[in-house]
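What follows is a single structure, written as structure tokens, with notes after it.
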Amino acid sequence: MAAGFTSMSKECKPEQVMEFLNELFSYLDAMLDKHKVIATSSAEALLMRMSKGFAESQV
Numbered sequence: 018m019a020a021g022f023t024s025m026s027k028e029c030k031p032e033q034v035m036e037f038l039n040e041l042f043s044y045l046d047a048m049l050d051k052h053k054v055i056a057t058s059s060a061e062a063l064l065m066r067m068s069k070g071f072a073e074s075q076v
């Protein structure tokens, strides 16, 4: 799912990237709830890595 994220984030406004990430993680949360899966910090770590890459691309 994260394939192409860096190139996408370079072409979009920061608000669009954050909206995309919010929708993505909301979807993932809904799927976890639906299937009664308990999330671990892995999703948080992924978000932090993606956010860091976005911040570096804006410099």
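For the sequence shown, this note's numbering gives the first residue as 18, with consecutive numbering after it.
Idealized CB from N, CA, C, for every residue including glycine.
- Shown here, A62 sits in a helix according to DSSP, grouped into three states.
- Shown here for I55: same chain residues with a beta carbon closer than 8 Å to its own, the five before and five after excluded, namely L49 in chain order.
- DSSP places K51 in the helix class (H, G or I) of the three-state scheme.
- Short of 6 Å from the beta carbon of L45, and not among the five residues preceding or following it, lies no beta carbon of its own chain.
- Secondary structure of K30 (DSSP, three-state): coil.
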